[in-house]
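Undergrad: Have a look at this one.
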Amino acid sequence: MNQHALWPLLGALIASQSLGATQPPATVSQVISIYDGDSFTVNVDEWPPVLGEKITVRIKGIDTPELRGKCEKEVKQAREAKQFTVAKLREARTIRLSGIERDKYFRILADVDLDGVDLGQLLLRSGLAVPYGGAKKPDWCQ
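Using our numbering, read the sequence shown as starting at 136 and increasing by one per residue.
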């Protein structure tokens, strides 16, 4: 079977494994990489490999500056947010995803709890993130 013939099967599997608002919480088995302050890649062993290996997670309800930002101020803030997230993920013993959905880029959109503490709220309180509901992103250069 060629690679393109697998897409319909993958679509059917994903539909059957619906990751909507009713998806039960999941425990991250391994953090693979951390892209920026609000996005990172993980393995979730309790999910089938096609859904749970090297899957990108975006923290629900927040936005952090982009590493490929429009100005040096945004890039500097993005580095600070990423360093914060790296430190928090590394020190956590248990990373749980809840309120799981898929975003428009097929990433997991979830609340991220680190040993029972909400990572999104930590980023907001530290001033490294702003609330985000999916509309227009803020201008970090102002």
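Heads up, the beta-carbon is just placed ideally off N, CA and C, and yes, glycines get one too.
Return no unless some Cβ of chain D is closer than 8 Å to the Cβ of A161.
TA: Absence of chain D from the displayed structure is noted, only one protein chain being present.
Undergrad: Is it true that the CB of V166 sits closer than 8 Å to the CB of L232?
TA: Not closer than 8 Å, so no.
Undergrad: Just how far apart, CA to CA, sit S164 and I190?
TA: Approximately 12 Å between the Cα atoms of the pair.
Undergrad: Give me the residue from K205, R242 and T229 with the minimum Cα distance to L81.
TA: Nothing in the structure corresponds to residue 81, since the chain is present only between 136 and 277.
Undergrad: Go ahead and pull the three-state DSSP assignment for G234.
TA: Strand.
Undergrad: Pull up the distance between the alpha-carbon of K217 and that of Y240, whole angstroms please.
TA: Distance between the alpha carbons of K217 and Y240: 20 Å.
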